[in-house]
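Asker:
In the working numbering, the protein residues as written are 595 to 898.
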């Protein structure tokens, strides 16, 4: 992803912002998304569990041995109070508004398996080493250090934690869902595509697609900027010098935003020659050649 400098032949001609043909697998057109799984590669059972995790399918806390959240539960009250404090003009103020927001949260969280784990689910997360907030302590210089003796949180503690903080991510959901499929004897992959998400016209074409390797544009002395948010396409003409390319990126690049001045582009071209789509540093979002400047100014950028 992002921007990349390529040294290509000076006479290289390819339309700007069109994916280079050498990066497109010519055999991919012989495959179609699997109709049985909708191109997800999942078994129907796994898809249903995924939907229950996020509340997209019917779910009952009691089916997991969990008690539904109520407006009197401390984690619900705390969450509702934070919402009222952050936006009183939207949520309102006072006991009536607090109870209304608490009830809304209960209705939402009681539809989601992710907030109603049982002991088996917690065991799956512990096996995957995914509950550091319970099992470890963060020590400056040492990172996360396991607690001694080992801590095994209850399902109720994990469910309260999932509401009170950042909660579960997709890795957690996968660990729990995979373990549930194993316990129930459910397949995880689609029986039609065997988890590949697509169906090939013939096995011979599939093998050809797997053996295919991309072909770079012809190398040479020219300077050109490419984007890689797609498979890869040129976003500038080919220039004989770095200075000509930097000047064009500042004055002519039609999608230009604040991606850098002439100096920044020269540092990019003569330096790393690649940057991600964006980074955040010092409370600011940087694009293009400005990312090089962000690193130079030590603004502790993080990839966006």
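Here a beta-carbon is modelled for each residue, glycine too, at the ideal position from N, C-alpha and C. Keep in mind it's a predicted model, so treat the numbers as computed, not measured.
Of the choices 758, 727, 733, whose alpha-carbon is the least far from that of residue 746?
Answerer: Taking only the C-alpha atoms, the option nearest residue 746 is 727.
Asker: Spatial neighbours of residue 789 within its chain, please: C-beta separation below 7 Å, excluding the five flanking residues on both sides.
Answerer: These residues qualify, in order along the chain: 635, 783.
Asker: By Cβ distance, which residues of its chain are closer than 8 Å to residue 806, with the 5 residues on each side in sequence left out?
Answerer: Result list for residue 806: 619, 620, 621, in chain order.
Asker: Strictly by DSSP, which residues pair up with residue 602?
Answerer: Answer is 813, 816.
Asker: When you compare only the Cα positions, how much space is there between residue 763 and residue 663?
Answerer: Taking the straight line joining both Cα atoms gives about 21 Å.
Asker: Just how far apart, CA to CA, sit residue 793 and residue 825?
Answerer: Spanning the two alpha carbons is a distance of roughly 22 Å.
Asker: Just list the residues that DSSP pairs residue 731 with in beta bridges.
Answerer: Answer is 739.
Asker: By DSSP, does residue 903 sit in helix, in strand, or in coil?
Answerer: Only positions 595 to 898 of the chain appear in the structure, and residue 903 is not among them; the question remains open.
Asker: Which residue from 820, 779, 754, 808 puts its Cα closest to that of residue 670?
Answerer: Nearest of 820, 779, 754, 808 to residue 670, Cα basis: 754.
Asker: Out of 642, 705, 839, which one is the CA nearest neighbour of residue 660?
Answerer: Among 642, 705, 839, the Cα nearest to that of residue 660 belongs to 705.
Asker: Mapping DSSP to helix, strand and coil, what is residue 625?
Answerer: Of the three classes helix, strand and coil, the one that applies to residue 625 here is strand, per DSSP.
Asker: What are the boundary residues of the alpha helix (DSSP H) that includes residue 707?
Answerer: Element bounds for residue 707: n/a, residue is neither H nor E.
Asker: Run through DSSP, which three-state label would residue 794 get?
Answerer: Strand.
Asker: Below 8 Å on the Cβ atoms is my guess for residue 820 versus residue 598; work out the distance and round it to an integer in Å.
Answerer: Yes, residue 820 and residue 598 are in contact; Cβ-Cβ is about 5 Å, under 8 Å.
Asker: Output the distance between the C-alpha atoms of residue 822 and residue 801, rounded to the nearest integer angstrom.
Answerer: Rounded to the nearest angstrom, the two C-alpha atoms are 26 Å apart.
Asker: Does the beta-carbon distance from residue 602 to residue 814 come in below 7 Å?
Answerer: In this structure, residue 814 lies closer than 7 Å to residue 602 by Cβ.
Asker: What's the call for residue 715, buried or exposed, on a 16-neighbour Cβ count within 10 Å?
Answerer: With 16 or more Cβ atoms within 10 Å of its Cβ, residue 715 is classed as buried.
Asker: Can you tell me the Cα-Cα spacing of residue 748 and residue 723, whole angstroms?
Answerer: Cα to Cα, the separation comes out at about 15 Å.
Asker: Straight-line CA distance for residue 633 to residue 720?
Answerer: So the two alpha carbons sit approximately 31 Å from each other.
Asker: Would you report the Cα separation of residue 771 and residue 713, rounded to the nearest angstrom?
Answerer: Those two C-alpha atoms are separated by around 14 Å.
Asker: What whole-angstrom Cβ distance do residue 674 and residue 696 have, given they're in contact under 8 Å?
Answerer: Correct: roughly 4 Å between the Cβ atoms.
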